[in-house]
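Visitor: As you go down the protein sequences, you meet chains A and B in turn. For what it's worth, the working numbering labels the leading residue of the first sequence as 145, then goes sequentially. For what it's worth, the working numbering labels the leading residue of the second sequence as 3, then goes sequentially.
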Amino acid sequence: MAQCVQSVQEFIQDSFVPMVAVLCSEDAEKVTRKNNLNFAELLRPFCRLTSEGHIRDPNNQVQPVKNLRISVNNVCTRPAPATGSLSPAQRRLLGEVVSSIQPPEGVTANIITAGDHDLNRSLKASAPWYSAWRQTLSELSSSHHYTATTPWFEAYRESFLQSMPASDHEFLNHYLACLLVVSSSEAVPVEQFLKLSQEQHRIQHSGDYTNPRWFIPNTLKYYVLLHDTSQGDEQRADAVYEDMKQRYGSQGCYLLKINSRTSPTGADEQIPDPWSQYLHKNNLLKANSVVAENDIGSSEVDSQDSADKGDHPLQLDCPPSGGLDSLGVLPPGGPTAARAAALAAAGTHGDCLTLNDHDHIRQFLQEFTFRGLLPHIEKNIRQLNDQLVSRKGLSRSLFSATKKWFGGGKAPEKSIAELKSTSGLLYPPEAPELQIRKMADLCFLVQHYELAYSCYHTAKKDFLSDQALLYAAGALEMAAVSAFLQAGAPRPYPAHYMDTAIQTYRDGCKNMVLAERCALLSAEVLKSQGKYSDAATLLIKMTSEDSDLRSALLLEQAAHCFINMRNPMVRKFAFHMILAGHRFSKAGQKRHALRCYCQAMQVYRARGWSLAEDHINFTIGRQSFTLRQPDNAVEAFRHILTNDSQQTATQQGAFLREYLYVYKSVSAESEASLPKLPLPCIHAAATRVYFGHERRLAEGEKQAATNVSLDQEYDQEQAVMWCQLEEQAVASAHRGVVPAAFQPSQCCLNSQTDNLRTPLAVVEEPIIVEVTFQNPLKVSLLLSDLSLQWSFTPRDLSSPQQGDLPSDEASGEPITNDKVGSLVQLYITLTAARLKLLPHMIGQLNILGVAYNLASVPSEESSQPLVVRGQQDLEIRGPRLNSTKEDKTSVSHGQDQRLHPLITPPMPLMEVFFLQFPTALLCGEITKAYVEFCNVSGVALRGLRVASTHPHFFTFGGVGGTSSSSSSAASTPLSPTSAEVCSAYHTLAVAVEIPLEGGVLRPGQSAQLPLWLRGPDQEGVHEINFLFYYESAEKGGRISHRVLRHNVFICASRSLSVCATACPSSVPSADHRGRDAEDGDHLNDGMLVFVDVENVNMSEAGVREFHIIQVSSCSRQWRLHKCINPYKDKDCKLTSRERAKLCFRAARCKPLKGNHRRITPFLIPLLRQIVSSTTPCADFFFRCCPSDPVKKEGRAGGLSHPSSRTTGGHWTWGGGPIEAVVRTCNELDLNIIVLWKAYVVEDNKQLILEGQLHVTLQTVGKEAFSLPQKEEAQEMVLLKFKPDLPPPVIQPSVEQLSTLIKTNLHYPETYSHPFVHERLCVVPVTLTMSNCALAEVEVLIDLRHKTISPDSTEVHGTFTWLGQTQYRRRLRPQEVAPLPLRACFLHAGVYNLSTPRVFAKFTTPTRKEEEEGGVAVETSQQAASPALIIITSQA
Amino acid sequence: MAVCIAVIAKENYPLYIRSVPTQNELKFHYTVHTSLDVVEEKISAAGKAMADQRELYLGLLYPTEDYKVYGYVTNSKVKFVIVVDSSNTSLRDNEIRSMFRKLHNSFTDVMCNPFYNPGDPVQSKVFEGMVSGMMVQVS
């Protein structure tokens, strides 16, 4: 139980005090009225005696009486109510008493610590919520008054005990004495005394009145003469007093002088007001009830009927009404005046009393008690004792014997069955059992507990044997109490007495009031002995349905008991607190109910008992709301809704509705600022911000560039790719150098982008913020009227402008807020809402939060959904930092500037549209589309560039190109020069400048450019990204450039497969020699180029046939100069899966200097020549055909792996010049361009598609394909822990070395020889050796060598070479040298002349050979093709 | 089988509560909650000296009209509570004991998970599955 102000002993003593009645004459009443008090009230503060009294017990032992208190009350003759239960009025009064006393902090004491138990004790720091909990606890102990007292309970108990009706079975609250008060101003005071005395006698003995019960028949009468010193004649009073002394004896009367003060209290004088603490709370009630009392007063005669109304302890203080009408003091005037008087009474008391008067009163009471009351009691005890002792001898045994034998013949009322059933027996007042009880009560009142206990014990036995339940219970109760109060405690406290008493009261007598009193006493005693669990059980047992208030208070006390146990039972405490709170709320004690729930809350808060917590929160919310504490209510409801609720959907819906209702009422009260709503949750990190207009998808046939949009998911790879493209574009705009301050522009910011920089937004361009809401509930939420809240600082002004309510005056607004009118319905999932801001001024914008209307989705169509408006802050926490050690060890977050854009001056804004942009192409197909650039802003733009991931996919035509389908038409290519010899493209440049007229696009202007597209070489779907770069025509803005992104998907299908091979032609074509020599070309070594073209198109229905219209070559050294077409007259036409072979002769021409290459168109006969260099062919060719191996290397690295550029390829230039020579000998830097036309049927229309394919021939004899061959699966790059060995010097292979020298035999095809005449036939043969290499070669010709091949059978014998069989020659680079030989034949026949073996070696040794000793090894050269000679015999 | 299985942390807040008739969840929360008092009594009754050799299984905590409540306390004072339907007479002490042992083993596994913060609600799927296996199957 809660701690009380009084000790238990004091409390019990004060519960049972001697009662003294007051009868007051009218004049005396007037005297006291001056002080706003009646006589009894006047005495009340002084009723506790400070000095010690003495009393002699029957054995003449002196017994001290300490700290005695007496109770002085006006006589009230109204009948007592039925004793079994409290009257409604009493209940109401008790309720008022309880509700008038609230915990000191009132409602703010949401958390009151329970007892001295530290609720924190059972917690451990490991719990995740511990720190928060710890915080609240420390807050609580520091800020709130630490209290565990329950003053309302004590007040209740006091009022309850005071209101105990006097009953027959006990005498403790019967009047022992009567004060007769008469004023000295009375004409004949003695007569008045007589009158009063008679009145008292009449009340006690006439039998008319049952209510004021008197202890002993001859009640002590004490005569008090009240003298008003301010008015009356003092001498007269003294005289009267003398007279009284004569009449009643000096011990039976007193002269009390009061009202010494005449003037009203000065402000400077501080007189203590001892009455206030006694009367204050009563007066509070009086103000309410005085009207009713007045009714009683005015209709005094029939007031008895309505006595119930005023029947509460206050009434005891009221002037006795009813029969004592002469004494009734009523304030004049109606009820209102009475109320006013009552209110005034609440103000000050004892105005006319000085401190001396206080002393007088105290003295008077002391005198009265010690001289009058105590001797009177002493006398009575002795009398009773004598009676009992005299009777003891026979009575004790006799009574019991007779009772035993005659079974209740003694008890007269026993026959009345019903009485017995209710309260047991009724004894006549003079019954000896009652005498014992009476004596016991007297002893108890004067604190002679030992004697009292023995008497109670005796009485108890008697009553029990008589089956007088009520009496017995009373005796048991008092026996227990007096046993407890015995100082020495010779016997333990008989708790079972109390239990029996309570049970008897409750069950046997149905007297809940007494049972309650008994329980209160017992619980208090048990508590003092530390038996908290017993006390709690007792209190809980006393709760019943009949009185909610009592139950609530007792449950609360029980809860306090639980928490005060040695092992505090926290959960029981909380549980009973909740029960108490429930009962309080049923009893209408809302504040107490709220307090109880709050106390229970501290046990359950954040403990994970979510259902219990929800229930408590819900109740707290409701109670707070009814108590007009909407903030607390909102808080409580917020808890229910925001914590991870495990409630069912319907329950959540109910919570939500309740919350919205409460919330609405709160927000209606406070209009000032939008309150924060807890629902729904905002995922701040998922917020995305988009700067710019929303994308227009298409405009008619125009297809807009797919810029960044909020619909796209963020893709890290894509972002990197775009960033690289932008870097390239910027680099090309800054002449190949990326400026240090370069930052990729970000249109759409999300959690993965770099948000450390302040984003830049452009004035008059919208900012779209996508806010992600999450609904934690199982019911839907309806959001409407969303708008962003922001603050804005103009660039030059420092004063921030607040903006949260979008106003209509758009002109003055720096920012306009686009409301999202549509409803967003949330159901558990995440929903994103896009909110738009349009800045009109330059400055710093801070987006602070979101304001919206929240409503629940109405369950029925009839009910209007509650709508509340509120806001939530939008604060984005940056990513967790993890770079430094401090960052790693602590939790620190970076900044996130997503919501704080800087509004910059206008920038150009470009839109790009594509027309006739294809989606599917054949591989290599060339088609034309148009691209349109529009400047939609008010600022001119310049420096338009485009960067792409597939730079060979497109090329721009000039401005103003007409839409001609022919590829050779007017549209001029973009290539730098239309000359046949064009400067090679810088293939690394992926960023291409777009030719605009004047390079500037004016505001509102648009430019249309033709765009040539060539289908990718590989079939499949290709994603092609364009990045358009442009700058403002005005320099110096914050934003250096802007970009526009576009990506397309092109589906490429197979067209033709071109396979080309080159092999050295063995015949140095003599017929060309002359002409070529003019050109300066060396035609000593021609090449044969075979081009295999195959139609590999899969869709036979679509593509009818392909026509090869032209084959062009492009090389620095070679050119195609002759077509060796096996079927010259035929059109080169390829239907499905058909294959054609074209054969060309290529000749070496004078190498061009520098990077220039030559495009030599070589046309297929019968077809018109196309000037390749004037069509986009060249563009495409140069873009996609890296002929120079070094460049290829660089380019391949440049696009995909820039880093590998530095490492260099494996392709190194061998060792020394010899290796180079060897290589170049095999090198063939020749590009073949095949132009084709395809006849395609589409929708019954025949279309002609054109295209081109490129083949790069690099090595003699190797096949080259237009279609990139499937590459072997790339080997996993092994992790290397050692630096790579330098790549071994590549030795020219034997094969390579074997092609150094080309040999030809020149001889007559047939030779006739008259073998008859001459047996030997000698034929001159010329061996032509041509050095293919660019170095001097030593050649060894060995004629002796026989053919080794087994199949070359020498049918007719052999021929022999005549003359020198071995020659050595030195051949200068590219020298052609003839060597005359002679062959000798013996027979006619066919001979193969190609038997000479040719060995060659370089005159300077290769590096390897140097290493191996410097001996150059000769390498056998490839044998020439068989050279057959026919020798005929001439007849 | 069980109708409600609960794991309560040392500090008496629930780590895991699962009950089968979900519509009556509050009642089971209440049952489990009140059982903690009994558990505490039983532990303190066992005394400190016996704490080391203490039997982890506490037996029947208290019977209610509809349910029987069994308790089990690990050495780290984590409490397991199993509520069984009173009408289910087939369950004997031994079965309950084995259920607790299984629960304890599974909970140990949860604790062994390096990603589990002691004191957090149990969210392990394995544990969930094991508990489901011990619950009454409600169609």
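Glycine residues also receive a C-beta, built at the ideal position from the N, C-alpha and C atoms.
1) Check whether the Cβ atoms of LEU364 of chain A and HIS520 of chain A sit closer than 8 Å, and answer yes or no.
2) Beta-carbon separation of LEU324 of chain A and MET163 of chain A under 8 Å?
3) Tell me which residues share the same chain as VAL1165 of chain A and place their Cβ nearer than 8 Å to its Cβ, disregarding the 5 neighbours each side in the sequence.
4) Anything in chain A within Cβ reach of HIS31 of chain B, meaning under 7 Å, just list it in chain order.
5) Residues of chain A with CB under 7 Å from TYR69 of chain B, in chain order?
6) Does the distance from the C-beta atom of SER1643 of chain A to that of ILE684 of chain A stay below 8 Å?
7) Quick one: residues in its chain with C-beta nearer than 6 Å to the C-beta of GLY652 of chain A, no 5 flanking neighbours on either side, listed in chain order?
8) Would you mind sorting GLN887 of chain A into buried or exposed? The rule is 16 or more other CB atoms within 10 Å of its CB.
9) Have a look at ARG1283 of chain A and CYS1465 of chain A and give me their C-alpha separation to the nearest angstrom.
10) Could you check where the beta strand (DSSP E) with SER1522 of chain A kicks off and where it finishes?
11) Taking the runs of the beta strand (DSSP E) that are 3 residues or longer, which of them lie wholly in the region 64 to 121 of chain B?
12) Can you tell me whether DSSP reads ILE1183 of chain A as helix, strand or coil?
13) Quick check on the burial criterion: 16 or more other C-beta atoms within 10 angstroms. Buried or exposed for CYS599 of chain A?
14) Are the region 982 to 993 of chain A and the region 1039 to 1053 of chain A touching, with three or more C-beta to C-beta distances below 8 Å?
15) If VAL1581 of chain A sits next to GLN630 of chain A, beta carbons under 8 Å apart, how far is it from one beta carbon to the other, in whole angstroms?
16) Less than 8 Å between the C-beta atoms of VAL1233 of chain A and VAL1202 of chain A, yes or no?
17) Determine the DSSP secondary structure at MET656 of chain A, reduced to helix, strand or coil.
18) My output table needs one value for CYS1067 of chain A: the three-state DSSP class, helix, strand or coil.
19) Confirm, please, whether the CB-CB distance from ASP372 of chain A to SER327 of chain A is below 8 Å.
20) For GLY239 of chain A, which residues in the same chain have their Cβ closer than 6 Å to its Cβ, ignoring the five residues on either side in sequence?
21) Taking DSSP's pairing of strands, which residues face GLN988 of chain A in a bridge?
22) ASN1448 of chain A by DSSP, collapsed to three states: which one?
23) For the 8 Å Cβ check, are there 3 or more pairs between the region 92 to 111 of chain B and the region 23 to 40 of chain B?
24) Step through the CB atoms of chain B and report whether any lies within less than 8 Å of the CB of ARG1024 of chain A.
25) Provide the residue span of the alpha helix (DSSP H) that contains TRP296 of chain A, from first to last.
26) Cβ of GLU27 of chain B less than 8 Å from any chain C Cβ?
27) In whole angstroms, give me the CA-to-CA distance for ARG1182 of chain A and MET985 of chain A.
28) Can a CB atom of chain A be found closer than 8 Å to the CB of TYR15 of chain B?
29) Hey, how far is the Cα of PRO1346 of chain A from the Cα of VAL881 of chain A?
30) Rounding to the nearest angstrom, what Cα-Cα distance links ALA253 of chain A and LEU670 of chain A in this structure?
31) Note down, in chain order, each residue of its chain lying with its Cβ closer than 6 Å to the Cβ of SER705 of chain A, except the 5 sequence neighbours on either side.
32) Does the CB of HIS35 of chain B have a neighbour CB from chain A at under 8 Å?
33) Using 8 Å for Cβ pairs, my map puts CYS1287 of chain A next to ILE1377 of chain A. What's the rounded Cβ distance?
34) Can you give me the Cβ contacts of ILE1574 of chain A inside the same chain, cut-off strictly under 6 Å, excluding the 5 residues immediately before and after it?
35) Verify the CB distance criterion: does ASN711 of chain A have a CB-CB separation below 8 Å to chain B?
36) Which chain A residues sit within Cβ distance under 9 Å of LEU38 of chain B?
Guide: Reading from the atomic positions:
1) yes
2) no
3) PHE1193, ILE1194, CYS1195, ALA1196
4) TRP753, LEU755, ALA756
5) Residues of chain A passing the Cβ test: none, with the nearest at roughly 17 Å.
6) Here chain A has residues from 145 to 1579 only, and residue 1643 of chain A is not among them.
7) LEU613
8) exposed
9) Rounded to the nearest angstrom, the two C-alpha atoms are 49 Å apart.
10) The sequence given here has Pro at residue 1522 of chain A, not Ser. Per DSSP, the unbroken beta strand (DSSP E) holding PRO1522 of chain A starts and ends at 1520 to 1529.
11) Unbroken beta strand (DSSP E) runs of no fewer than 3 residues, entirely contained in the region 64 to 121 of chain B, are found at 69 to 75, 81 to 87, following chain order.
12) coil
13) CYS599 of chain A should be labelled buried.
14) yes
15) As shown, chain A starts at 145 and ends at 1579. That puts residue 1581 of chain A outside it, with no answer to give.
16) no
17) Three-state result, MET656 of chain A: helix.
18) coil
19) Going by C-beta atoms, SER327 of chain A is nearer than 8 Å to ASP372 of chain A.
20) LEU693
21) A:THR937, A:LEU1046
22) ASN1448 of chain A carries a strand assignment under DSSP once its states are collapsed to helix, strand and coil.
23) no
24) ARG1024 of chain A has a beta carbon lying at 8 Å or more from every beta carbon in chain B.
25) 295 to 306
26) In the structure shown, chain C cannot be found, because the protein chains are A and B.
27) 15 Å
28) yes
29) No answer about PRO1346 of chain A holds up, because its pLDDT of 34 lies below 50 and its placement is not dependable.
30) Here ALA253 of chain A scores only 38 on pLDDT, less than 50, and its place in the model is too uncertain to base an answer on.
31) Position check: residue 705 of chain A holds Cys in this sequence, whereas Ser was assumed. Result list for CYS705 of chain A: MET145, TYR676, ALA679, ALA680, in chain order.
32) yes
33) That belief does not hold up - the Cβ atoms of CYS1287 of chain A and ILE1377 of chain A are roughly 17 Å apart, past 8 Å.
34) THR1454, VAL1534
35) Cβ-Cβ to chain B under 8 Å: yes for ASN711 of chain A.
36) ARG715
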